[in-house]
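**Student:** Numbering-wise (the numbering used here), the sequence shown opens with residue 1 and increments by one.
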Amino acid sequence: MTANSNNGRVRKMKPDELVEIICAGLAKDQYEVYPGLAKLFYLLNRWNPRFLEKKLKQISARS
1 MTANSNNGRV RKMKPDELVE IICAGLAKDQ YEVYPGLAKL FYLLNRWNPR
51 FLEKKLKQIS ARS
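(1) Might you give, ordered along the chain, the residues of its own chain that have their beta carbon closer than 6 Å to the beta carbon of Glu20, omitting 5 neighbours on each side?
(2) Measuring CA to CA, which of Ala24, Gly36, Tyr31, Leu26 is closest to Pro14?
(3) If you follow the alpha helix (DSSP H) that Tyr42 is in, where does it begin and where does it stop?
(4) Under 8 Å by Cβ, that's how I've got Leu44 and Phe51 pegged, so tell me the actual separation to the nearest angstrom.
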């Protein structure tokens, strides 16, 4: 699914890391868990959704 999406700029999360983050969130009774850059995207989307959309479009156009 992400074979061509990296371009060497973003480190992909290993499945084991993701499982650890999710399990830690579940142990803390968290309803939402934001692994990796997901928390940054969440905060940017709350702060300025148009800015985030514009930046994501720019990144996808480069791929």
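Positions of the beta carbon are idealized from the N, C-alpha and C atoms, including for glycine.
All values derive from a computational prediction rather than experimental measurement.
**Tutor:** With the given structure in hand:
(1) none
(2) In the sequence under discussion, the amino acid at residue 14 is Lys, which differs from the Pro named in the question. When each option's Cα is compared against that of Lys14, the closest is Gly36.
(3) 38-47
(4) 7 Å
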